[in-house]
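Reading the sequence shown from the start, the letters are residues 32 to 690 in the numbering used here.
All residues carry an ideal CB built from backbone N, CA and C; glycine is no exception.
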Amino acid sequence: MPAQPPARSLNLGILAHVDAGKTTLTERLLHLAGVIDEPGSVDSGTTRTDSLALERRRGITIKAAVVAFPLGDLTVNVLDTPGHPDFIAEVERVLGVLDGAVLVLSAVEGVQPQTRILMRALQRLEVPTLVFVNKIDRVGADLDRVLAVIRRSLTPDVLPMGVAAGLGTRSASFTAYRPGDEAFRESETVALAEHDDDLLAAYVEGRDPTSGRLLDGAVAQTRAGVLHPVFAGSAATGAGVPELMAGIATFLPGSPAPPSQDPTGRIFKVERGAAGEKVAYVRMFAGSVRSRQRLVLPDGRTGKIAGVQVFEHGRWVRAEQIDAGHIGRLHGLHQARVGDGFGEASRGEEHRFPPPTLEAAVEATDPRRRPALRAALAQLADQDPLISVRLGEDGRPTVSLYGRVQQEVLGATLAEEHGIEVEFSDASVLHVERPCGTGEAVLRLNTPTNPYGATVGLRIRPGAPGSGLRFCSTVPAQDMPLYLFGSAEAFCAAVERHVRRELAHGRLGWEVTDCVVTMVEAAYRNMDGPPSRRGDTSTALDYRKVAPLVARAALDRAGTRVCEPVLRIALEVPTDDSATVQRLLARWGAELAGQSSDGELTRLEARLVAARLHELQRQLPDLTGGEGVLETRFDGYQPVRGRPPSRLGWSGPPEGVAG
Ligand SMILES: Nc1nc2c(ncn2[C@@H]2O[C@H](COP(=O)(O)OP(=O)(O)OP(=O)(O)O)[C@@H](O)[C@H]2O)c(=O)[nH]1
Ligand SMILES: [Mg+2]
């Protein structure tokens with residue numbers, strides 16, 4: 032046991048489609064590193080990372096969890112993530128804090144829908160990623176086929192690191208190539224030459240690079256995110272896991288430890304401790320945090336750290352501080368929320384994954400529990416970026432959802448952890464509103480229509496699809512009440528916050544998105560020169576009152592169009608049933624985007640409004656004799672045909688969805 036904890040750390044995400052074996056692999060890594068005596072099992076509910084009662088009962092991961100093991104001079108913090116698409120937002124928060132990743136595939140199922148989505152995200156963020164083809168012990172395992180599919184549909188930039196034998200049996204094994212291996216040198220040279228002109232020239236001229244040169248090249252390309260070494264094995268039997276572990280040490284970078292700077296970090300997970308207290312998981316990018324330190328969080332929230340912990344020798348232990356590059360837990364930050372950054376990381380992260388497309392009202396079975404339900408939902412929303420809660424005009428809470436599994440998990444969490452039995456209304460489709468044109472409005476000081484002591488002018492115009500709501504300002508600093516807010520940035524941030532809150536509900540009640548809001552005018556009243564507490568000086572409250580009124584007026588002038596979520600669907604159906612399925616899709620107005628057949632099976636691609644998904648899932652087994660396979664992904668919004676549904680005056684599920 033080292034007296035000093037290792038100085039460098041590697042924050043490693045384990046990502047995959049549901050059930051590929053992430054949690055089982057995490058146990059294996061912990062076991063191999065000597066952190067635990069026996070690997071736990073998902074099926075008997077004894078793993079370290081599936082620690083919630085619900086996860087253990089269902090055998091799926093719901094929350095990202097952190098464990099750690101030492102590897103040479105590195106501390107590897109492993110973030111085990113959920114694979115079910117209903118929990119994609121949980122993965123989203125984790126991506127921003129990773130130094131490297133292992134993307135797990137099953138040697139039987141191969142590349143699955145979520146695998147593609149995750150790989151795209153990892154590539155976009157340039158996260159160095161190894162691939163582990165798991166479950167080679169299962170009947171039907173076929174490494175060559177999976178490798179071919181990876182190359183075709185995931186990335187051509189792969190480098191197989193060994194061969195598997197005894198596939199489909201308990202004794203299936205994986206043997207890593209030795210550096211001197213001729214066949215390996217050849218394939219390594221070819222793979223590296225893709226992104227290495229020197230090597231390509233040497234290859235073409237028949238000059239053999241040294242093994243050392245090849246290894247350096249492979250490490251550099253992996254760290255640049257343009258090459259993916261592929262390992263294979265079985266998390267169940269442990270085959271191939273030592274080779275993967277060696278690959279993690281060789282190919283993935285530790286997080287660089289920058290010289291001491293102001294503490295900069297991001298909170299990627301919040302949970303409640305045994306006594307109900309908030310525990311925030313933080314990744315530090317620069318500087319360090321320690322007990323009794325005060326942190327400034329977004330939106331002017333602050334908090335004092337009561338204690339810090341790091342994961343060591345299989346459990347969370349008290350620590351002096353959390354240094355740059357490391358992951359740890361912070362106690363005492365009552366106001367912390369998932370996604371909060373501080374220091375240089377205080378600007379919010381952009382949304383990278385699809386938004387939830389459903390919402391449902393939640394009702395406590397016992398009406399006396401209503402206030403408790405509201406409090407519990409607020410608490411859950413703090414911890415869980417997946418849960419966004421809104422109060423309807425009747426005071427009834429509504430939650431946004433990704434799907435049925437998430438809804439069940441939410442219901443079970445409320446019952447088990449908060450003692451509140453709830454019922455959900457039928458989930459309905461979440462629409463959005465986009466501005467139709469440009470609208471401008473202003474409320475000026477000392478005019479009859481403005482009872483408040485502030486001037487704000489706003490212009491709203493349409494933005495690019497998928498751009499969300501962007502806010503900017505053309506107001507000169509001398510027109511801003513800097514004595515109230517300290518800086519132009521802080522003033523703009525405050526107005527932006529008020530505008531966002533107001534535009535969470537558009538003209539028909541749906542969130543306003545894909546627009547640019549520009550603050551075009553501002554003024555303040557400060558008649559006495561120095562700020563005074565008398566009523567003749569503008570206050571922050573004046574801006575809080577005026578900004579929403581102006582935003583509403585500008586939106587009314589711009590007008591809005593209600594849009595509904597659309598999915599890109601891929602269907603694999605027996606060719607005999609393909610015509611029937613196509614007729615159904617046509618009846619629902621789906622646009623067919625592609626069709627291919629390999630004889631028995633036909634693959635159809637189409638765009639379908641999300642409102643039809645449930646019905647398609649229901650009918651597909653009957654239409655295809657249980658053979659049909661459906662993959663979906665979010666594909667933006669499109670204007671609703673016919674009368675747009677409204678979410679105003681909400682007293683039950685929203686009115687019927689057009690489509
Ligand atoms: N035969 C075999 N089964 C495995 C292997 N790895 C995992 N499993 C089984 O596959 C199932 C899913 O494993 P998990 O480790 O929970 O998979 P996961 O990717 O963490 O699943 P989610 O977190 O729910 O997405 C369990 O029943 C495991 O026992 C393997 O290498 N071989
Ligand atoms: Mg899991």
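query: K300 beta carbon near ligand 1 (any heavy atom closer than 7 Å); result: no
query: Of the residues A525, S40, P670 and M315, the one placed nearest R360, counting alpha carbons only; result: M315
query: Three-state class that DSSP yields for G331 in the structure shown; result: helix
query: Segment contact, 8 Å Cβ cut-off, at least three pairs: the region 508-525 with the region 662-670; result: no
query: Alpha-carbon spacing of E658 relative to V612, whole angstroms; result: 12 Å
query: Beta-carbon proximity check, A266 vs G318, cutoff 8 Å; result: no
query: Spatial distance of A553 from T591 (CA atoms); result: 25 Å
query: Euclidean distance between Cα positions of H344 and V257; result: 34 Å
query: Burial state of H382 (16 or more Cβ within 10 Å); result: Confidence at H382 is low in this model, with a pLDDT of 49, below 50, so the placement of that residue should be treated as unreliable; the coordinate-derived value is given next. Exposed, because fewer than 16 other Cβ atoms sit within 10 Å of the Cβ of H382.
query: DSSP-derived helix/strand/coil call for A270; result: coil
query: Cβ-based burial, H259 [other Cβ within 10 Å; buried from 16]; result: buried
query: For V66, the three-state DSSP class (helix, strand or coil); result: coil
query: Under 8 Å between C-beta atoms of L389 and S456; result: no
query: Beta-carbon proximity check, M276 vs L60, cutoff 8 Å; result: yes
query: Delimiting residues of the alpha helix (DSSP H) encompassing K576; result: A571 to A589
query: Distance CB(L46)-CB(L134) smaller than 8 Å; result: yes
query: Nearest-angstrom Cα separation, counted from A152 out to P159; result: 12 Å
query: Assigned secondary structure, H259 (DSSP; H/G/I helix, E/B strand, else coil); result: strand
query: Status (buried if at least 16 other CB within 10 Å, exposed otherwise) for K166; result: buried
query: For F342, the first and last residue of its enclosing beta strand (DSSP E); result: G338 to E343
query: Beta carbon of I418 nearer than 8 Å to that of L445; result: no
query: Any non-hydrogen atom of ligand 1 within 7 Å of I91 CB; result: yes
query: Close beta carbons around L328, own chain, < 7 Å, minus the five adjacent residues each side; result: G334, Q366, A367, D371 and F373
query: Alpha-carbon spacing of R201 relative to I353, whole angstroms; result: 42 Å
query: Own chain residues within Cβ distance below 8 Å of R39, not counting five before or after; result: D104, L105, T106, G285, S286, A288 and G356
query: Under 8 Å between C-beta atoms of V463 and V430; result: no
query: Three-state class that DSSP yields for Q669 in the structure shown; result: strand
query: C-alpha gap between V369 and D415, whole angstroms; result: 7 Å
query: Among A172, F100 and P493, the one whose alpha carbon lies nearest that of A196; result: A172
query: Neighbour-count burial assignment, E236, 16 or more Cβ in a 10 Å radius; result: exposed
query: Distance between S137 and D50 (C-alpha atoms, nearest Å); result: 9 Å
query: Proximal residues to R583 (C-beta, below 7 Å), its chain only, five neighbours per side dropped; result: E533
query: I119 and Y555 closer than 8 Å at C-beta; result: no
query: T606 versus S628, A508 and L586, residue with shortest Cα-Cα distance; result: S628
query: Beta strand (DSSP E) segments (min. 3 residues) lying fully within the region 380-431; result: 389-395 and 420-422
query: Residues bridged to H362 [DSSP beta-bridge criterion]; result: V310 and G338
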